[in-house]
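Read through the structure below, which is laid out as structure tokens, and then see the notes.
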Amino acid sequence: MRWLKNTLQRPLVVAQLFNIPIKVDATWLPMALLHTWLVAQFWFARGLGNAFPLWVYLFHGLIATALLFVSILVHELAHALVARMEGLQTYDIQLHIFGGWARLVGEPRHALSELRIAVAGPASSFLLAVIFWLCLLAVNLFAGQRDLAAWMTINTFLYLAVANLTLAIFNLLPGLPLDGGRALRAWLWHRRKDVLSATKTAKQFGVAIAYMLISYGLFLFISGAWRGTLWRDTLAAAWLLAVGVYLMNAAENDYRFRLQQQTQAPSNAPTPAEGTAGAVMRTPVVSVEPHITISEFIDRTLAQHRQTNFPVASGGRLHGILALERLRAIPKEQWERLAIRDVMSPIDETHFVTVRASLAHVAHQLEHNEFHWLAVIDAEGQLVGSVTKEDLRAAA
């Protein structure tokens, strides 16, 4: 049962796009199944008057769910790729019960960078809505006889156009953690020159939006009981309540994170605080460029630095981890052809700590990653050192 416990506790890596791990949370699968059934019942079956067997609607509901999954992934990839253009790397993209989340290494350095990253997601969703609408028009124009396939294809494209448009508009609501909240924070940050004050205001807007969703959910529940549509309205009410609570917690967490960052901002002292990762880390850190070949790595780096793990970084930004154990499994004839990016392990939140992380947190991270090695990054996401269990023991 251990594998099941680990699967439920940690997201499953399902792909890697643009060197970004794509992970699916355990909560996503039941939501995908529920979404398939709801679309089949309330979009296809009701829209077409139950003219076809249920399995037909379920099949097309599954297709719509898969394409919506891709749409959400594109939305998050847009955030990640624009962040990369702004000098920020991405830990991973996680898809979960409430949608998705591109987790960035560090924070934008200025308000305009924050704004660009924020609007990239909704812009991609608007673009997808237009694309699906054009696909609908093309099928409607060129389909001859309106058979089952034509009707289902048109309704699938219509659903995806509406879903992406809704996703874009909802995400533009001006409150954290939504993209509109990040855009609001960027605007306030630019005007006030104070990111913490801007975050607090955007958080307050986010909490207000969350309360409105929760209130509407309660209204649906009460009105459903009054009108005799309790079963149908309870589902919508429960979803609104869950989304509202999620948004409220996420908004509060975003503000607490910013507050903690400001509280722990580096002082003018030249040495790191005692009892932190910065006090025990190894410097300078020996890193590897992701574009070089395995042969070049062995000749240039490994010949001079004998260590079991190497951070893969470019311009000070952490991309992954190269483990020598993994290299041993690669045939020598492939060393000239394969680049380091092809064989490195993608990073996740267990593979690094910040300079200000406590030693207790460092010990916890070392215990819960497969390399028993950690990269150390500063507040801007720059690689500045590394920590091993030996370093902790030496500092004790």
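Numbering (numbering that gives the first Met the number 0), first residue to last: 0 to 395. Note that CB positions come from ideal geometry on N, CA and C, so glycine has one too. Here the structure is a predicted model, which means the values were calculated and not measured.
*Determine the contact status of L239 and G216, defining contact as a CB-CB distance below 8 Å.*
yes
_Measuring straight from C-alpha to C-alpha, what distance separates V55 and A312?_
49 Å
*Output the distance between the C-alpha atoms of V386 and H109, rounded to the nearest integer angstrom.*
30 Å
*asked:* Quick check: the Cα distance between M84 and R255, rounded to an integer number of angstroms?
replied: 27 Å
*asked:* Applying the 10 Å Cβ sphere with the 16-neighbour rule, what's the burial state of I329?
replied: exposed
*Let me know the secondary structure DSSP gives I213 once reduced to three states.*
helix
_Collapsed DSSP secondary structure at W334 in the structure displayed_ = coil
*Residues near A268 in its chain [Cβ-Cβ closer than 6 Å; skip 5 each side]*: Note on A268: pLDDT 37, under 50, position unreliable in the model; the coordinate value appears next. Within the same chain, A268 has no close Cβ partners at all.
*Taking 8 Å as the threshold, find out whether the region 293–301 comes into contact with the region 323–339 through three or more Cβ pairs.*
yes
*Excluding sequence positions up to five away, which residues of its chain have a Cβ less than 7 Å from the Cβ of L11?*
K22, V23
*Could you check what DSSP says for T349 in three-state terms: helix, strand or coil?*
coil
_Distance, M30 Cα to A264 Cα_ = Here the model assigns A264 a pLDDT of 46, short of 50, so the residue's position is not dependable, and the following value carries that caveat. Cα to Cα, the separation comes out at about 40 Å.
*Return the Cβ separation of V194 and W188 in integer angstroms, given the expectation that the two are a contact with Cβ distance under 8 Å.*
5 Å
*Check whether the Cβ atoms of G86 and D178 lie closer than 8 Å to each other.*
no
*Looking only at DSSP bridge pairs, what is D91 linked to?*
R102
*Starting from Q364, trace the alpha helix (DSSP H) both ways and give me its first and last residue.*
358–366
*With DSSP as the reference, label A185 as helix, strand or coil.*
helix
*Which runs of the beta strand (DSSP E), 3 residues or longer, sit entirely within the region 287–319?*
308–313
*Straight-line Cα distance separating V354 from S266*: Per-residue confidence for S266 stands at a pLDDT of 44, beneath the threshold of 50, marking its modelled position as unreliable; the derived number appears in the next sentence. Approximately 13 Å between the Cα atoms of the pair.
*Expressed to the nearest angstrom, what Euclidean distance is found between the alpha-carbon atoms of L157 and T35?*
16 Å
*Classify I397 as buried or exposed, calling it buried when 16 or more other Cβ atoms lie within 10 Å of its own Cβ.*
Nothing can be reported for residue 397, as the shown portion of the chain is limited to 0 through 395.
*Can you name the residues that DSSP bridges to G384?*
V375
*By a C-beta neighbour count over all protein chains shown, 10 Å radius and 16 as the cutoff for buried, is Q364 buried or exposed?*
buried
_On the DSSP bridge list, what partners appear for T26?_
Partner(s): none; T26 has no beta bridge.
*Buried or exposed: where does A362 fall if 16 or more other Cβ atoms within 10 Å of its Cβ makes it buried?*
exposed
*Just how far apart, CA to CA, sit V242 and D390?*
43 Å
*asked:* Which of the three DSSP states is assigned to R355 in this structure?
replied: coil
*How many Å lie between I168 and F131 at the Cα?*
16 Å
*Tell me whether I96 sits in a helix, a strand or coil according to DSSP, three-state version.*
coil
_Collapsed DSSP secondary structure at P121 in the structure displayed_ = helix
*Mind checking whether M151 and H95 have CB atoms under 8 Å apart?*
no
*Tell me, to the nearest whole angstrom, how far the beta carbon of I153 is from that of L164; I am working on the premise that it is less than 8 Å.*
The Cβ separation is near 17 Å, so there is no contact.
*Would you grab the beta carbon distance between F43 and Y245 for me? Rounded to a whole angstrom, and I think it's under 8 Å.*
Their Cβ separation, rounded to whole angstroms, is 28 Å, which puts F43 and Y245 out of contact at 8 Å.
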